[in-house]
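Asker: The structure is given below, and queries will be raised subsequently.
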Amino acid sequence: MSDELRELYQEVILDHGKRPRNFRRPDHASHQAKGHNPLCGDQLAVYLAVDGAGVIRDAAFQGRGCAISTASASLMTEVLRGKTEEQAHRLFAAFHHMATVDGEMPAPEGLEDEAERLQALAGVRQYPVRVKCATLAWHTMEAALADKGETTTE
Amino acid sequence: MSEIRQLAPYDVDAVRRDFPILSRHVNGKPLVYLDNAASAQKPYAVIEAERRLYAEEYANIHRGLYWLSERATARYEAARETVRRFLNARKPAEIVFTRNATEAINLVAASYGRHFLRPGDEIILTELEHHSNIVPWQMLREEKGVVLRVAPVGDDGEFLLGRFAELLNDRTKLVAVSAMSNVLGTVLPVREITRLAHTAGARVLIDGAQSVTHLPVDVCDIDCDFFVFSGHKIYGPTGIGVLYGKEALLDAMPPYQGGGDMILSVSFEETEYAPLPAKFEAGTPAIAQAVGLAAAIDYVSGLGMERIAAHEADLLSYATQRVQAVPGLRLIGTAPGKASVLSFGMECAHPHDIAQVLDGAGVCVRAGHHCAQPLMERLGVPATARASFGLYNTRAEVDTLARALEQVEEMFRP
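Note that the protein sequences, when read in sequence, are chains C and V. So that you can map any letter, position 23 of the first sequence is 23 in this note's numbering, and since no number is skipped, the others follow by simple counting. So that you can map any letter, position 399 of the second sequence is 553 in this note's numbering, and since no number is skipped, the others follow by simple counting.
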């Protein structure tokens, strides 16, 4: 197997792909959104429970997809827990940069450990068609947070 | 040469030497090209035919009074005659060059559909159509208020002729069906479909994009009203396709696009259209590509369509048996008499992951919905992985595919 392929499917990706964490629908989600990648038919839903202080207390997802999109969603829900919405946006920007620009995950201040964990998905940079698999969960998370305005105007 | 080749046993190694790309490596591995249903590789004969035209005989056609233009025109029209013979059409006038099968279907929808169909008229499609034989009819539905009916397939991908026949009625004006599924390899009984449709008073369009590379075709025998295919899938160039239509029908249809080449005379008051087939070929056509397509047809005809079909049937049956031994692999599409396409899923791996790992082994397969989302929906899968075989593939390549699939299983199994 080539080095690029080995980097893409490193152990942590295969592990999260086979045994995704936070693969459930929480009862208490305050935000949710559905993401769809028409190219491969991947569909997932992201659920977030954000408290009054803007801290993500719980993050989970459900859906079906390839190993990359499943692992990415799984890792994302792990790192998001306990982060503020603002930190979530900064992680999204950093992740997007890594996947689409140069394969390097910039570490936002105070989020160095999270950045290091997410660096596991850097291998997608070598495979343009897989970038969308890796970023699907993150785009869906952003959509979920953006829905906040709508969901609170009752 | 062709007669000699047809008498000899099918020599796949010699055939492979005709295709320069097959000797290259990808990702450090010998190329195993199994995405022929998407597009086929090109033999030297095709590459050389285009090169020779550009290097020696190129000018615009149908206008020059000079020798070079006459030569190019003669080559372009000879290509039309080659296609006529290949399809066994009655006249060259029944062969219209288009960009591809998609454009040919759009031509029929725009010209025949708009002119002859009325609100409430019914068009029958099947569940296994490619998007190119769905969307043009939906566009027509929006414009004209025609009704689309969909003939179902069984769980194994088999076309259900009886269920199709039940959809026919006196409102059915057109039946537009694929001759072979690009996803499942299902071969449709187009002759019988045509007979039933004609009995109901409907016209028939056959999408031959997949079938022409695997099955001999005879439009007189099928008796279809329209038949379309693309050059690039039959080892010819991209940018060239064919619409066959019965002469009387094409004659009665209005032009598809307006421009040069499709007119007899133009004034600002009125324009007189050219006779067939020029009426449907507005603007400078894909001249070199038409010549390349003729070279491709000569190439496959030289090998013999029956012998190609036999070679591919052997490969398909060998591949079916080999990949079924891979744990957790499920074939999608097992209709009797299917041709040359192996769609599958694996319990442990998504089609994209399968295709990615296969690519690392030098094996090109398609993964996704194959431009047939309604069929994916019908089969209850978001995507499949698909290996599709051509006249140059070998049993050794099938072995490489099977080994790579075993690697996928090892990698992704829980």
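Built from N, CA and C at the ideal position, the CB exists for glycine as well. Computed from a prediction, not measured in an experiment: that's the story for all the values here.
Could you tell me the distance, in whole angstroms, from the CA atom of residue 232/V to the CA atom of residue 456/V?
Answerer: For residue 232/V and residue 456/V, the distance between alpha carbons rounds to 17 Å.
Asker: Give the single residue among 442/V, 255/V and 273/V whose Cα lies nearest to the Cα of residue 287/V.
Answerer: The candidate whose alpha carbon is nearest that of residue 287/V is 255/V.
Asker: Who does residue 506/V pair with in a DSSP beta bridge?
Answerer: The partner list for residue 506/V (beta bridge, DSSP) is empty, contrary to what the question assumes.
Asker: Output needed in chain order: residues of the segment 170-203 of chain V with a Cβ under 8 Å from some Cβ in chain C.
Answerer: Within the segment 170-203 of chain V, the qualifying residues are 181 and 182.
Asker: Within its chain, find whatever has a CB closer than 6 Å to the CB of residue 194/V; leave out the 5 residues flanking it on each side and keep chain order.
Answerer: Within the same chain, residue 194/V has close Cβ partners 387, 389 and 544.
Asker: In three-state DSSP terms, what is residue 476/V?
Answerer: The answer is helix: DSSP assigns residue 476/V an H, G or I state.
Asker: Could you give the residue range of the beta strand (DSSP E) that holds residue 542/V?
Answerer: Unbroken beta strand (DSSP E) run through residue 542/V: 538-542.
Asker: Give me, in chain order, the residues of the same chain whose beta-carbon lies closer than 6 Å to that of residue 439/V; leave out the 5 immediate sequence neighbours on both sides.
Answerer: So the list reads 251, once near-sequence residues are dropped.
Asker: Are the C-beta atoms of residue 122/C and some chain V residue less than 8 Å apart?
Answerer: Not an interface residue.
Asker: Check whether the Cβ of residue 514/V lies closer than 8 Å to any Cβ atom in chain C.
Answerer: It does: the Cβ of residue 514/V has a partner Cβ on chain C nearer than 8 Å.
Asker: Touch check for the segment 311-318 of chain V and the segment 344-363 of chain V: three-plus C-beta pairs under 8 Å?
Answerer: Taking 8 Å as the limit for Cβ pairs, the verdict is that the segment 344-363 of chain V does touch the segment 311-318 of chain V.
Asker: What did DSSP end up calling residue 408/V once you bin it into helix, strand or coil?
Answerer: DSSP places residue 408/V in coil when its eight states are reduced to three.
Asker: Residue 309/V to residue 423/V, Cα distance in whole Å?
Answerer: For residue 309/V and residue 423/V, the distance between alpha carbons rounds to 58 Å.
Asker: Counting only C-beta atoms, is residue 2/C closer than 8 Å to chain V at any point?
Answerer: At least one chain V Cβ lies under 8 Å of residue 2/C.
Asker: Using a Cβ-Cβ cutoff of less than 6 Å, which residues in the same chain neighbour residue 280/V once the five nearest sequence positions on both sides are dropped?
Answerer: So the qualifying residues of the chain are 305 and 331.
Asker: Would DSSP call residue 31/C helix, strand or coil?
Answerer: The answer is strand: DSSP assigns residue 31/C an E or B state.
Asker: Thinking C-alpha only, which one of 466/V, 485/V, 489/V and 498/V is nearest residue 165/V?
Answerer: It is 466/V whose Cα lies nearest to the Cα of residue 165/V.
Asker: At the level of alpha carbons, what is the spacing between residue 431/V and residue 401/V?
Answerer: Cα to Cα, residue 431/V sits roughly 9 Å from residue 401/V.
Asker: Excluding the 5 residues preceding and the 5 following residue 186/V in the sequence, name in chain order all residues of the same chain whose CB lies nearer than 6 Å to its CB.
Answerer: Closer than 6 Å at the Cβ level, and outside the excluded window around residue 186/V, lie 516, 517, 551 and 554.
Asker: Using CA atoms only, rank isn't needed, just tell me which of 283/V, 298/V and 293/V is closest to residue 270/V.
Answerer: Minimum Cα distance to residue 270/V is reached at 298/V.
Asker: Out of curiosity, what's the CA-to-CA distance linking residue 169/V and residue 367/V?
Answerer: Approximately 15 Å between the Cα atoms of the pair.
Asker: Going by other Cβ atoms of all chains shown within 10 Å of its Cβ, with 16 needed for buried, is residue 110/C buried or exposed?
Answerer: With fewer than 16 Cβ atoms within 10 Å of its Cβ, residue 110/C is classed as exposed.
Asker: Can you list, in chain order, the residues of its chain whose CB lies under 8 Å from that of residue 261/V, leaving out five sequence neighbours each side?
Answerer: Closer than 8 Å at Cβ, skipping near neighbours: 250, 252, 397, 410 and 434.
Asker: DSSP state of residue 422/V, grouped into three classes?
Answerer: Of the three classes helix, strand and coil, the one that applies to residue 422/V here is coil, per DSSP.
Asker: Which residues, in order along the segment 66-98 of chain C, keep a beta-carbon less than 7 Å from a beta-carbon of chain V?
Answerer: Those residues of the segment 66-98 of chain C that come within reach of chain V (Cβ to Cβ, closer than 7 Å) are 66 and 67.
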